[in-house]
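Notes follow once the structure below has been shown.
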Amino acid sequence: MDNVKIPTHVGIIMDGNGRWANLKGKERSFGHKEGSANVERVVEYAFNRGVKSLTLYAFSTENWARPKKEVDELMRLLKIYFTKFIKKIANNGIRLKVIGDVSVLTPELKKVIEKGEAKTQNNLEHTLNIAINYGGRQEIVHAVNELLKDGKQITIESISKALYTADCGEPDLIIRTGGEFRLSNFLLYQGAYSELYFTDVLWPDFNGEQLEKAFAEYGARNRRFGKI
Ligand code: FPP
0 MDNVKIPTHV GIIMDGNGRW ANLKGKERSF GHKEGSANVE RVVEYAFNRG
50 VKSLTLYAFS TENWARPKKE VDELMRLLKI YFTKFIKKIA NNGIRLKVIG
100 DVSVLTPELK KVIEKGEAKT QNNLEHTLNI AINYGGRQEI VHAVNELLKD
150 GKQITIESIS KALYTADCGE PDLIIRTGGE FRLSNFLLYQ GAYSELYFTD
200 VLWPDFNGEQ LEKAFAEYGA RNRRFGKI
């Protein structure tokens with residue numbers, strides 16, 4: 000376990016909460032609650048293991064199309080998570096950053112996000128990006144518009160620097176739980192050369208052991224970045 004290569008920046012598409020709950024004969028919201036508890040466990044495990052930055056896909060621009068009850072529950076869980084984060088996790092050297100268009104979130108959720116980000120802005124050890132109302136295409140459009148506004152040139156480099164995750168570098172590894180094989184609009188630009196790891200394990204069951212499997216496979220890959 001000790002000579003495992005640990006990726007610097009890991010992105011995770013946390014899929015399968017609903018199916019996890021249904022398999023147990025429970026409502027989807029039960030899966031999101033357990034999924035949320037799992038975020039706490041996996042964040043702690045990954046950072047203790049030496050991952051520098053984590054980017055977690057919590058709510059996509061497409062997720063608004065879910066029933067209102069489910070959207071409300073996810074927003075409620077996010078608020079609880081950030082509140083807990085401010086109280087307990089903020090002192091662990093983790094900088095919190097919410098990425099995506101937060102302008103449409105409720106004032107209460109926005110407030111707790113702002114507080115969490117402000118309180119942790121000088122933490123340098125790790126970065127935790129939580130993607131909310133996030134879409135990879137929207138992120139690229141946002142970055143280009145920012146550059147145009149500032150009269151800057153549009154280049155591969157300048158776009159990279161204007162992305163939400165610019166400070167963390169590109170993700171070395173993107174993990175998707177829940178058995179689907181797609182990116183679903185996650186980190187499209189910065190993920191150009193990321194290693195992709197797909198697992199059938201549903202998000203609430205994705206634990207440290209599963210993360211080690213992903214790291215082991217990542218370490219065995221030959222990253223050529225288009226070269227030979
Ligand atoms: C996918 O499962 C998961 C989501 C759409 C939301 C992810 C949210 C969490 C893990 C909880 C809250 C997040 C944080 C950061 C505290 P799904 O509902 O698509 O499951 P299914 O594919 O089985 O239907």
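With numbering that gives the first Met the number 0, the residue at position 142 of the sequence shown is 141, and numbering never jumps.
Glycine included, every Cβ here is placed at the ideal spot set by N, Cα and C.
- Across the structure, E216 and E39 are spaced so that their CA atoms are roughly 23 Å apart.
- Apart from sequence neighbours up to five positions away, the residues of its chain that approach K212 with a beta-carbon distance below 8 Å are T198, ordered along the chain.
- Distance from the CA of I88 to the CA of V97, rounded to the nearest whole angstrom, comes to 15 Å.
- In the displayed model, I98 falls within a strand according to three-state DSSP.
- Counting only the Cα atoms, G15 lies some 20 Å from Y44.
- When the five nearest sequence neighbours on each side are left out, the beta carbons in the same chain lying within less than 8 Å of the beta carbon of R220 are those of E194, in order along the chain.
- A residue is called buried when at least 16 other Cβ atoms come within 10 angstroms of its Cβ; Y80 meets this threshold and is buried.
- Residues of the same chain with a CB within less than 7 Å of the CB of I112, apart from the 5 flanking positions on each side, are F81, V97 and V101 in chain order.
- Secondary structure note for Y44: its alpha helix (DSSP H) is the uninterrupted segment R27 to N47.
- Along the region 143 to 183, the beta strand (DSSP E) occurs as fully enclosed runs of 3 or more residues at 172 to 175, listed in sequence order.
- The nearest non-hydrogen atom of ligand 1 is less than 7 Å from the C-beta of A57.
- In the structure shown, G10 adopts extended strand secondary structure according to DSSP, grouped into three states.
- At least 8 Å separates the beta-carbon of V42 from that of L95.
- The Cβ neighbour count for Q189, taken over all protein chains shown within 10 Å, is at least 16; the residue is labelled buried.
- With a cutoff of 7 Å, W202 counts as near ligand 1, since its C-beta is closer than that to a heavy atom of the ligand.
- Note on geometry: alpha-carbon atoms of F58 and A130 lie some 6 Å from one another.
- DSSP places T198 outside any beta strand (DSSP E), giving it a letter other than H or E.
- By the Cβ rule, the region 148 to 163 does not count as touching the region 5 to 24, because fewer than three pairs are nearer than 8 Å.
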